[in-house]
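*Asks:* Numbering (UniProt numbering), first residue to last: 1 to 271.
Glycine is no exception: its CB is placed at the ideal position from the N, C-alpha and C atoms.
Please read through the structure below; I'll follow up with questions.
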Ligand SMILES: NC(=O)c1ccc[n+]([C@@H]2O[C@H](COP(=O)([O-])OP(=O)(O)OC[C@H]3O[C@@H](n4cnc5c(N)ncnc54)[C@H](O)[C@@H]3O)[C@@H](O)[C@H]2O)c1
């Protein structure tokens, strides 16, 4: 991925993809990434592996996670794919136990698996979908953090990065379940960060704006223009921050909920 240009809308400024973390920086560390079969999670898994970490790619889509892991292993180093539904706490506990069995430790976790739900206003929002979005996007992060923190405490430290969203910082009409879950991830991140800061476990969250991944299946033209930078992000522009937060350069950063949104949190683009 490094150095490859990415096709962008004509209005976007040209840029080159940057390495997510310095080569060798994470050598000897073990990382778990959920929602790693595609999009932001796959980009993080690749970035962590490029920096030297052994990586477990976990996803509901076990086949795609395994394919992505093989491709990463061929280019970088140890990487394996595993199937998991993060909304199932027993499956999550089993996954973390397997990571430790296989690699001996867990240093880095990116809790990133998520689903968008449907577009409907609150009074009409299907309760079944509400429950699933909360189960995956909020409880899934909680279950992962419980298992990861339990392990990291026995090792004396670790770094956790949760994927929240711009929807953790402001409301989104038609997406109440998603916004409620992502606001929840922000609160969970800050609270747990305070609980474990003294034990050497750093816990942060990233809040991407619009990112060009499989999750985005609508016409983004107007929304891209609302971002001051004028385009959607490439997944590596999010994973670069995740990898930085996972590494020692971020040793004084915990409890941060960081927008990576082309300026959208600062305000709307000039009309
Ligand atoms: N794409 C965006 O614009 C955007 C913006 C802000 C936040 N996010 C967040 O980024 C994260 C990653 O999304 P993405 O954009 O890369 O989308 P994506 O659809 O490419 O990736 C999401 C991955 O999560 C997996 N997944 C879904 N439910 C799961 C479950 N229950 N258990 C395990 N894996 C599961 C999917 O199979 C998929 O591989 C999500 O949490 C999403 O809410 C995305």
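Short of 6 Å in beta carbon distance, which residues of its chain neighbour residue 193, apart from the five on each side in sequence? Order them along the chain.
*Replies:* 203, 254 and 255
*Asks:* Report yes if the C-beta of residue 204 is less than 7 Å from at least one heavy atom of ligand 1; otherwise report no.
*Replies:* no
*Asks:* In chain order, what residues of the same chain lie with their CB nearer than 8 Å to the CB of residue 188, ignoring the 5 residues before and after it?
*Replies:* 138, 141, 142, 145 and 162
*Asks:* Could you confirm whether any beta carbon from chain C is found closer than 8 Å to the beta carbon of residue 71?
*Replies:* Note that chain C does not occur in the displayed structure, where there is just one protein chain.
*Asks:* Terminal residues of the continuous alpha helix (DSSP H) containing residue 268?
*Replies:* Careful: residue 268 lies outside any alpha helix (DSSP H) and carries neither H nor E.
*Asks:* Under the criterion of a Cβ to heavy atom distance below 7 Å, does residue 86 qualify as lining ligand 1?
*Replies:* yes
*Asks:* Mark residue 75 as exposed unless 16 or more other C-beta atoms lie within 10 angstroms of its C-beta, in which case mark it buried.
*Replies:* exposed
*Asks:* For residue 167, collect the residues of the same chain with a Cβ closer than 6 Å to its Cβ; drop the 5 residues on either side in sequence, then sort them by chain order.
*Replies:* 178, 179 and 182
*Asks:* Only counting runs of 4 or more residues, tell me where the alpha helix (DSSP H) segments fall wholly within the segment 224–256, in order along the chain.
*Replies:* 235–246
*Asks:* Could you compute how far the alpha carbon of residue 242 sits from the alpha carbon of residue 206?
*Replies:* 7 Å
*Asks:* Pull up the DSSP beta-bridge partners for residue 59, would you.
*Replies:* 83
*Asks:* Quick check: is any heavy atom of ligand 1 less than 7 Å from the C-beta of residue 134?
*Replies:* no
*Asks:* Let me check understanding here. Comparing Cα to Cα, which of 238, 237 and 226 lies closest to residue 265?
*Replies:* 226
*Asks:* Skipping 5 residues on each side, what residues in its chain have a beta carbon closer than 6 Å to that of residue 259?
*Replies:* These residues qualify, in order along the chain: 207 and 265.
*Asks:* Please return the same chain residues whose Cβ sits closer than 6 Å to the Cβ of residue 52, not counting the five positions on each side in sequence.
*Replies:* 24, 26 and 27
*Asks:* Examine ligand 1 and report whether any of its heavy atoms sits within less than 7 Å of the Cβ of residue 124.
*Replies:* no
*Asks:* Do three or more CB pairs link the segment 110–126 to the segment 31–40 at distances below 8 Å?
*Replies:* yes
*Asks:* What would DSSP say about residue 33, mapped onto helix, strand or coil?
*Replies:* DSSP places residue 33 within a strand segment (E or B) once states are collapsed to three.
*Asks:* If we call anything under 8 Å between Cβ atoms a contact, is residue 36 one with residue 59?
*Replies:* Yes. Within cutoff.
*Asks:* With hydrogens ignored, establish whether the beta-carbon of residue 166 is closer than 7 Å to any heavy atom of ligand 1.
*Replies:* yes
*Asks:* Residue 200 to residue 156, Cα distance in whole Å?
*Replies:* 6 Å
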